[in-house]
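Residues in the sequence shown are numbered consecutively from 9, following the numbering used here.
Glycine included, C-beta positions come from ideal geometry on N, C-alpha and C.
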Amino acid sequence: MEDLEDKNSEDSQSEFLNKEVDDNEEKKNVKKKKNKPGIVYLSQIPKYMNCAILKNLLSVHGEIGRVYLQLAPKDEQAKSKAVKKDSKEKKNIRTPRIFTEGWVEFESKRAAKFVANNLNGQAIGTRKGRRFYDVLWNIKYLPRFKWIHLSERLAYEKAVHKQRLRTEISQAKRESTFFSYNLDRSKKLKLKEQKGEISNFVMPEIKQRETEMEIVEKKKKNKKQNNVENDRKTFLKSIF
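Below, the structure written as structure tokens:
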């Protein structure tokens, strides 16, 4: 009898422990479901601010995952460097990189919404005399926006920029070859004129790429011609 009681007590204890483990796992799953990441967008990044400073300022309001700041164009970066050279700053101080906009991913949507609602339009610096005291936050919460959307957009912009560079380089090469060709031909023509020879030089035509408007008009013309031909065929079929 005692053995049976011991077995029953052991079984009840094991069942209780298993139940506790299951409850803990369920709680963890609920937490995981609740803590979906949220992303905020910063439309303006003040000078001297970088990813580390931004993360340090916003991490007070919640756990931060990823941060991305968009670098300003090269001409703006060059301007800031030129200003630094003109000013009487020390040589060992590095020129700060300028950023135009940024995205911050919080571990929970709630924290992201809280930051956007409470910090937007507020002063970044809390104490007078600090670097960002007179600068205001420009933060917006992005609903249904995921980090993959940002990475896809950046990849697309990079590809477009590369394609634009390729077309510009190829155009510059064509122009330089055309110029050098004309220069050589003009030199040869001058020599022939000095010798009294007649030249039959014809300026070569460089076929340029069609614009979008020209392509659309061409398609319209082709469509009209096809319609006329089809009407003619149907008319002839009706007669014969």
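Quick one: grab the DSSP three-state call for residue i.
i: E10; result: Low confidence applies to E10: its pLDDT is 45, below 50, so where it sits in the model is not reliable, and the reading given next is rough at best. The answer is helix: DSSP assigns E10 an H, G or I state.
i: R74; result: strand
i: I3; result: The chain is shown from 9 up to 248; residue 3 falls before or after that span and cannot be answered.
i: K136; result: coil
i: K228; result: helix
i: I61; result: helix
i: V38; result: Only weak support is given to the placement of V38: the predicted model assigns it a pLDDT of 47, under 50, and the value that follows is read from those uncertain coordinates. In the structure shown, V38 sits in a helix (DSSP, three-state: H, G or I).
Taking DSSP's pairing of strands, which residues face residue i in a bridge?
i: E115; result: In the DSSP output, where bridge partners are listed per residue, E115 has none listed.
i: E109; result: Q78
i: A131; result: L144
How big is the Cα-Cα spacing for residue i and residue j?
i: F122; j: L77; result: 21 Å
i: L150; j: E225; result: 41 Å
i: E1; j: H169; result: With the chain running from 9 to 248 in the structure shown, residue 1 is simply not present.
i: G73; j: R161; result: 19 Å
i: K82; j: R105; result: 10 Å
i: K228; j: S159; result: 38 Å
i: K96; j: H69; result: Low local confidence applies: a pLDDT of 49 at K96 is under 50, so the model's placement there is unreliable, with the coordinate-based value given in what follows. So the two alpha carbons sit approximately 38 Å from each other.
Closest to residue i by CA distance: which of the options is it?
i: D142; options: P104, L191, G129, L197; result: G129
i: Y49; options: V68, A120, K229; result: A120
i: L65; options: L127, K44, Q52; result: L127
i: V112; options: F186, K232, W155; result: W155
Could you give the residue range of the alpha helix (DSSP H) that holds residue i?
i: I47; result: From DSSP, I47 is part of no alpha helix (DSSP H) but of the beta strand (DSSP E) over 46–50.
i: F186; result: 155–203
Under DSSP, the beta strand (DSSP E) around residue i begins and ends at which residues?
i: Y149; result: 147–150
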